[in-house]
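Okay, so here's the structure we're looking at.
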Amino acid sequence: MTRIDLNVPFHEKDEARRLGARWDAKKKVWFIPDGADASAVRRWIPEEPEINVRSRRYFVLKTERACWKCGASTAVFAFGLPAEHEMREVSDDGDKAGTWEKAEMSALPHYISFLAEEPRRRIQSMTSIFRPDFSQTTQSWYWMNHCEGCGMKQGDFELFSEPDEAFFPVSAERVAAIRVEEVREPFAAMAGEFGIDVGFLPE
Ligand SMILES: [Zn+2]
C-alpha cells in the first residue's frame, strides 16, 4: 500500500482533517497515510486516477549501478513498454485529457507519479527499493529507486538522462547488464518522461 491522495474541496478541509486526512504542505494535497482506514474519506478519493500511458503488456527492467552516495553496487528497476503502448496528453491540473494515441516506439516511462494497481503489485512483489518518494529536485512525488545498502534515493534524472547510466545505456556492457522480464498484464501510469529504448527491449 501507498498513501492515497484526496480531492478535498477547500471548504471541506476541516471535515477531512476530522475524519483522519492529513495535509502534505509540500505537495499541497490532503492524503490518507499508508495503511490507514480510508473508508471515512471515500468520497474524496479520486475515482479515476489520471493516467497518460497504458499498455496491454510491459517489461520490468533490472540492472546495477554504483550508488552516488555510498559507492556500493545496488540494483535499480524500471518499466519498459513495447511499441504498441498508447499515450495521451493530460493537462497539468488533471482536468482535461486528450485522446489515446498509439506510440509506435518502445519507451521507458519514468518520473511515474501514479502507477495502476497491477504493475504496482507486481513491482512490490519483486522489490522494496522501488517506491514513491519525494524529490527535492522536481519538488514532486514519484516512483523512485533507493540504494540497497544505504537507502539513499537514486533519482530518475541520473538513471535515464545521463549517458551510459543504468537505463540510458550506450556501451555494450551497460546494455548487456539490463535484465528484461516480460509481464503479460496491463500497465497504466502517469509518467512525466519517456526514455529511449536503444535496442535492448524485445519486440
Ligand atoms: Zn548507497
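Numbering of the sequence shown is given in this note's numbering, commencing with residue 103 and proceeding in unit increments.
Heads up, the beta-carbon is just placed ideally off N, CA and C, and yes, glycines get one too.
Quick one: Cα of residue i to Cα of residue j, how far?
i: V143; j: I134; result: 8 Å
i: I280; j: L303; result: 9 Å
i: V272; j: P265; result: 6 Å
i: E295; j: E287; result: 22 Å
i: T239; j: L121; result: 32 Å
i: E188; j: W245; result: 20 Å
i: D107; j: E114; result: 15 Å
i: M154; j: M292; result: Note on residue identity: the sequence assigns Asn, not Met, to residue 154. If I take the Cα positions, the gap works out to 5 Å.
i: S237; j: K130; result: 15 Å
i: I225; j: A177; result: 13 Å
Beta carbon of residue i: closer than 7 Å to some heavy atom of ligand 1?
i: T176; result: yes
i: G200; result: no
i: M246; result: no
i: K375; result: Beyond the ends of the chain as shown, which are 103 and 305, falls residue 375; an answer cannot be given.
i: G257; result: no
i: M189; result: no
i: M122; result: Residue identity differs from the one stated: residue 122 is Gly in this sequence, not Met. No - ligand 1 has no heavy atom lying nearer than 7 Å to the Cβ of G122.
i: G251; result: yes
i: M254; result: yes
Could you confirm whether any beta carbon from chain D is found closer than 8 Å to the beta carbon of residue i?
i: G297; result: Here there is only one protein chain, and chain D is not present.
>> Does the contact criterion of 3 or more C-beta pairs under 8 Å hold for the region 249-258 versus the region 158-178?
In response: yes
> Can you list, in chain order, the stretches of the beta strand (DSSP E) that have 3 or more residues and sit fully within the region 141-177?
Replying inline: 155-157 and 160-168
> Which runs of the alpha helix (DSSP H) fall wholly inside the region 194-258 and span at least 4 residues, in chain order?
Replying inline: 219-228
>> Could you check whether the region 201-208 touches the region 174-189, counting it as contact only if at least three pairs of C-beta atoms, one from each stretch, sit closer than 8 Å?
In response: yes
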